[in-house]
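Remarks on the structure that follows.
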Amino acid sequence: MKKRIFFIILLIACCLPTLLFPQQIKEIEFEDQEITDILVALAQMGGISIIPDETVKGRVSYHFFETDFDTALNTFLKTFKMYSRKEGNVYYVSKIQTIYEPSLKLISMNAEDVEISLLLRSISETIEKTVLYDSLPSEPLTVHVKNVSPDKVLRILIKRFANYALSTDKDFYYIKRVPEQREVPTKGAGPQTQITIHKTNNLFSISAEKVRFIEVIDKLFIKAGYEHSLLIKKDLLLEKVRFNNKEFEQMLRLILDQANADYKKVGDVYYIFEVTTKDILKKLKSTVKIPLVNLNVKTLPKLLPAELALTKFYKIDVDSNSIILSGSLEEIDPIQKFIKEIDTPTKGQAYYRFDLNYISIKNLKSLLPSSLSYSEPISLPNSNSFVILLSPEKKRELDQYLQLVDKSSELECVKLKYIKAASLKKHLPPSISAEDIIETSNPSIVFVRGSPQKLDEFHEELSIIDRPVPQLRYEILVIQYQEGEALNLNQNLEGNVLTVQNPPAEGAKDVFIGSVGKLLSLNFDTIATFGAQFALQLNVELDENKASVLADTTLNGISEEEIKFQNTSTYRYREYQINPNTGELDPTGVVREIQNGLLLNIKGWVSGDGMITMDIEAEISRRGTGAVSDSVTFSPPTTFEKQITTHIRSPVGKPVVIGGLVEQTTEITVKKVPLLGDIPLLGILFKTEKETIELTEFVIYIVPHIDLWEEEKPGIRTTLERLYNKFSHS
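Numbering (the working numbering), first residue to last: -13 to 716.
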């Protein structure tokens, strides 16, 4: 009960700042994102629910800065002409705001660029009265009315569309399309809206204004004598259709483009379906490939003006040295004109060939001064030569420059003994740089470039670097003691009972003989490490079951590398949840693992003067008994972990003792009378339960050692080879 009260107080304390102070938005920016995604992000920040309807769509960019949630939401909705309605902790967002006064039977509506069908649906839901309508053009409308009757709002909405009328009834409204009535024009009357389609020698001509898309398509197919299937549910009002002498499919394509539609002919039937405006515009774009004659296409983006370089209308083709333009003629024309102006022959320049002797073309490109880097060197295949376009003056300048940089230097093959080429380049000696080392396929062989004096310095420094890394050996013993039984390395044996095999010789003091039979099976040399007194006492503890050995091993590793020891058992549990339909436990497919045992990580390095520095992490975990189940899941049992992390320095061969890993274990022992103790309820009288609490301590003993290799001294042959390679070419 106390735990439950504490949890409730803690929960109130965590939620109180949110309840007293509104959620603050420090700064967040959206770049060309869906409006619905922005609303979801705001809902997560405010901890509320936002539900947009089907009118909320489109992509926008917006920046929120230092504001609370309510202000941010209201500002965002107002900016993009949207409205919200709050019910409880839920915000309903729409581009339509409809308010109805039942007592006055008056309605107010605000909406911008919303299709008429969605407006009619909103009115019907608000006034709770059915609004029926025939197929209407899918044209967005903007409406702002206040305190008018519902029938007047409906008349306002259909006023823009010809041949529609509103009929009212007690229980519903009906917007009906009235068939077009053609009247003989009277004298002085204005022109009548009609569709005129002529067919001459399989060529069609159409003339119409403010006509419905579906009506034009129907009459065109009737005139052509073809069948069609219209898969577009929405109609559209076309302002003007006027084309002359077009073939049928060409005429059909022109009309469909105005309505964002396309067609597919299957057999003798034309299927007409809706597409996006972007798909229509793709067909109107032009693609032009311009091969460059005098310029390198790689340098062209650097030459383009800023307003042209940032466009997405071009791509470069390095293989053909061409630029590909894609877009409307207005969009790509400025780039075409600019290329025509700059891609002209350069007067007074010619191509010259240069042959390099020592440095590579790749390195030369990075070494060229700014006065020569304006022209790109062209590498010749299968050679260390290049061709470049220069004026005679620049050619003489490049000749002089190459005489300075394209010079030979001493190159010596060096065999590494213990380290690899990658390690040498990572830890360079002061005498050389990374550019002076040339790696080979053999990680133990490198070529080093430099003067004789520089190479001598390198060999002296390499003799210090290229040494074997010490190998560390850790002798490990982990003992589990009962509480108060852990041994002290400095304790003596007074008060302990030992089995004396033979009396000590006369005059010999502090000499005794005891039994250490339990220690003979251990790899860990306890007698040599801790002394006879400690070993005898440990043997007694093991013999009386007051201590037990959890780990007895030896680990080897390179200095500065981490080694791990793990002696654990892994238990796997499948997660279940209650099926709301059947009430039974069903597996969720999630399997959880619990590790139980000892984990030991050691990272040591030789720190000089026979000392070893170690980072030690020790963890002992134990699995609890039983599993925990509730109304939702079937969870694995709890676990208990004890962890110690320490940083210590110790002389070689001196033991390190880590204690303090104390664990409490509770055991329940049940004693009962056979048969009688198993009787429900009554069996309680014939059985007893005893709870025993046992405290144990885990102690880890670690003895670090260093295993060094004997240094390999260079023999006479090795010395003579190096001297010969050094002076044979001088």
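All residues carry an ideal CB built from backbone N, CA and C; glycine is no exception.
Note that the structure is a prediction, hence the values are computed from the model and not measured.
1) Out of curiosity, what's the CA-to-CA distance linking residue 605 and residue 537?
2) Cutting at 6 Å between CB atoms, please list the residues of its own chain near residue 529, excluding the five before and the five after it.
3) Of all the options 106, 63, 306, 690, which has the alpha carbon lying nearest to the alpha carbon of residue 598?
4) Mind listing, in chain order, the continuous beta strand (DSSP E) runs of no fewer than 3 residues lying wholly within the segment 519 to 551?
5) Measure the alpha-carbon distance for residue 24 versus residue 81 and round it to whole angstroms.
6) Indicate whether residue 129 and residue 144 have their beta-carbon atoms separated by less than 8 Å.
7) Does DSSP put residue 104 in a helix, a strand or coil?
8) Can you tell me whether residue 328 is buried or exposed, with buried defined as 16 or more other CB within 10 angstroms of its CB?
9) Throw me the rounded Cβ distance for the residue 214 and residue 150 pair, which I believe falls under 8 Å.
10) Do you know how far the Cα of residue 336 is from the Cα of residue 404?
11) Whole-angstrom Cβ separation of residue 239 and residue 223, contact assumed at under 8 Å?
12) Please tell me whether residue 726 and residue 190 are closer than 8 Å, where the distance is taken between their beta carbons.
13) What number of angstroms, rounded off, separates the C-alpha of residue 514 from the C-alpha of residue 643?
14) Judging by CA-CA distance, which residue of 22, 47, 580, 410 is the nearest neighbour of residue 554?
15) What are the residues that DSSP puts in a beta bridge with residue 83?
16) Thinking just about the alpha-carbon of each residue, which of 659, 88, 672, 645 is nearest to the one in residue 688?
17) Would you kindly check if the distance between the Cβ of residue 341 and the Cβ of residue 370 is under 8 Å?
18) Is residue 338 near residue 393, with beta carbons less than 8 Å apart?
19) So residue 278 packs on residue 312, CB below 8 Å; how close in whole Å?
20) Taking a contact to mean a Cβ-Cβ separation below 8 Å, would you say residue 28 touches residue 59 in this structure?
21) Measure the alpha-carbon distance for residue 426 versus residue 544 and round it to whole angstroms.
22) For residue 108, does the count of other Cβ atoms within 10 angstroms reach 16, so buried, or fall short, so exposed?
23) Give me the Cα-Cα distance between residue 140 and residue 564, rounded to the nearest whole angstrom.
24) What is the DSSP secondary structure of residue 558, reduced to helix, strand or coil?
25) Say the cut is 7 Å; is the CB of residue 554 nearer than that to a heavy atom of the ligand MN?
26) Applying the 10 Å Cβ sphere with the 16-neighbour rule, what's the burial state of residue 221?
27) Give the secondary structure of residue 74 by DSSP, where H, G and I count as helix, E and B as strand, and everything else as coil.
28) So what does DSSP say about residue 257, is it helix, strand or coil?
29) Run through the DSSP bridge pairs and tell me what residue 631 is partnered with.
30) Near residue 494, which residues of its chain fall below 7 Å by C-beta distance, leaving aside the five closest residues on each side in sequence?
31) State the DSSP-derived secondary structure class of residue 128, mapped to helix, strand or coil.
32) Please classify residue 424: is it buried, with 16 or more other beta-carbons within 10 angstroms of its beta-carbon, or exposed?
33) What do you get for residue 350, buried or exposed, if any count of 16 or more other CB atoms within 10 angstroms of its CB means buried?
34) Please report the distance separating the alpha-carbon of residue 676 from that of residue 465.
35) Measuring CB to CB, does residue 160 end up less than 8 Å from residue 137?
36) For residue 618, count neighbouring C-beta atoms within 10 Å of its own C-beta (all shown protein chains included) and say buried if the count is 16 or more, exposed if not.
In short, the structure shows the following:
1) The sequence position of residue 605 within the sequence shown is 619, counting from 1. The sequence position of residue 537 within the sequence shown is 551, counting from 1. Each residue's CA atom was taken as its position, placing residue 605 and residue 537 some 13 Å apart.
2) In the sequence shown, residue 529 corresponds to position 543, counting from 1. Excluding residues within five positions, the ones whose Cβ falls inside 6 Å are 504.
3) In the sequence shown, counting from the first residue as 1, residue 598 sits at position 612. Measuring from the Cα of residue 598, the nearest candidate turns out to be 690.
4) Annotation: the segment 519 to 551 contains the following complete segments of the beta strand (DSSP E) (minimum length 3 residues), in chain order: 533 to 544.
5) As a first step, residue 24 must be located in the sequence shown, where it is residue number 38. As a first step, residue 81 must be located in the sequence shown, where it is residue number 95. Straight-line Cα distance between these residues: approximately 15 Å.
6) Counting from 1 along the sequence shown, the entry for residue 129 is found at position 143. Counting from 1 along the sequence shown, the entry for residue 144 is found at position 158. Taking the C-beta atoms as reference points, residue 144 is found no nearer than 8 Å to residue 129.
7) In the sequence shown, residue 104 corresponds to position 118, counting from 1. Helix at residue 104.
8) In the sequence shown, counting from the first residue as 1, residue 328 sits at position 342. So residue 328 counts as exposed.
9) In the sequence shown, residue 214 corresponds to position 228, counting from 1. In the sequence shown, residue 150 corresponds to position 164, counting from 1. Taking C-beta atoms under 8 Å as the contact rule, residue 214 and residue 150 fail to qualify, at a distance of about 25 Å.
10) For the purposes of this step, residue 404 is taken as residue 418 along the sequence shown, with counting starting at 1. For the purposes of this step, residue 336 is taken as residue 350 along the sequence shown, with counting starting at 1. Take the alpha-carbon of residue 404 and the one of residue 336: they are about 54 Å apart.
11) In the sequence shown, the residue the question calls residue 239 occupies position 253. In the sequence shown, the residue the question calls residue 223 occupies position 237. The pair is not a contact, with the Cβ atoms about 20 Å apart (cut-off 8 Å).
12) Given a span of -13 to 716 for the chain in the structure shown, any question on residue 726 remains unanswerable.
13) Counting from one through the sequence shown, the residue named residue 514 turns up at place 528. Counting from one through the sequence shown, the residue named residue 643 turns up at place 657. Distance from the CA of residue 514 to the CA of residue 643, rounded to the nearest whole angstrom, comes to 16 Å.
14) Translated into positions along the sequence shown, residue 554 becomes position 568. It is 580 whose Cα lies nearest to the Cα of residue 554.
15) As a first step, residue 83 must be located in the sequence shown, where it is residue number 97. Residue pairing from DSSP places residue 83 in a beta bridge opposite 96.
16) As a position in the sequence shown, residue 688 is number 702, starting the count at 1. Nearest to residue 688 by C-alpha distance, out of 659, 88, 672, 645, is 645.
17) On the sequence shown, residue 370 is found 384 positions in, with the first residue counted as 1. On the sequence shown, residue 341 is found 355 positions in, with the first residue counted as 1. Taking 8 Å as the Cβ cut-off, residue 370 and residue 341 qualify as a contacting pair.
18) Here residue 338 refers to the residue found at position 352 of the sequence shown. Here residue 393 refers to the residue found at position 407 of the sequence shown. No, Cβ-Cβ distance for residue 338 and residue 393 is not below 8 Å.
19) Numbered from 1 along the sequence shown, position 292 holds the residue referred to as residue 278. Numbered from 1 along the sequence shown, position 326 holds the residue referred to as residue 312. With 8 Å as the limit, residue 278 and residue 312 do not qualify as a contact, their Cβ atoms being about 17 Å apart.
20) Numbered from its first residue, the sequence shown carries residue 28 at position 42. Numbered from its first residue, the sequence shown carries residue 59 at position 73. It is a contact, given that the beta carbons lie within the stated cut-off.
21) Translated into positions along the sequence shown, residue 426 becomes position 440. Translated into positions along the sequence shown, residue 544 becomes position 558. Whole-angstrom Cα-Cα distance: 26 Å.
22) In the sequence shown, residue 108 corresponds to position 122, counting from 1. Its Cβ being crowded by 16 or more others within 10 Å, residue 108 is buried.
23) Locating residue 140 in the sequence shown gives position 154, counting from the first residue. Locating residue 564 in the sequence shown gives position 578, counting from the first residue. A straight line joining the alpha-carbon of residue 140 with that of residue 564 spans about 52 Å.
24) Position 572 of the sequence shown holds residue 558. DSSP places residue 558 within a strand segment (E or B) once states are collapsed to three.
25) Looking at this structure, you won't find the ligand MN or any other ligand, since it has none at all.
26) As a first step, residue 221 is located in the sequence shown; it is residue number 235 there, counting from the start. Buried is the call here.
27) Sequence index remark: in the sequence shown, residue 74 carries index 88 (1-based). Coil, per DSSP.
28) Within the sequence shown, residue 257 is the residue found at index 271, counting from 1. In the structure shown, residue 257 falls within a strand segment according to DSSP collapsed to helix, strand and coil.
29) Taking the first residue of the sequence shown as 1, we reach residue 631 at position 645. DSSP lists 603 as partners of residue 631.
30) Mapped onto the sequence shown, residue 494 falls at position 508. Its pLDDT being 44, under 50, residue 494 is placed unreliably by the model, and nothing is read from it.
31) As a working note, residue 128 is residue 142 in the sequence shown. Secondary structure at residue 128: strand, using DSSP grouped into helix, strand and coil.
32) Residue 424 sits at position 438 when you count from the first residue of the sequence shown. In this structure residue 424 is exposed. Its beta-carbon is surrounded by fewer than 16 other beta-carbon atoms within 10 angstroms.
33) As a first step, residue 350 is located in the sequence shown; it is residue number 364 there, counting from the start. Buried, by the Cβ-count rule.
34) Counted from its first residue, the sequence shown places residue 676 at position 690. Counted from its first residue, the sequence shown places residue 465 at position 479. Roughly 28 Å between the two C-alpha positions.
35) Taking the first residue of the sequence shown as position 1, residue 160 is located at position 174. Taking the first residue of the sequence shown as position 1, residue 137 is located at position 151. The answer is no: Cβ separation not under 8 Å.
36) Start at 1 with the first residue of the sequence shown, and residue 618 comes out as number 632. Below a pLDDT of 50, predicted positions are generally treated as unreliable, and residue 618, at 43, falls in that range; the measurement from the model is reported next regardless. It is exposed - the Cβ of residue 618 has fewer than 16 other Cβ atoms within 10 Å.
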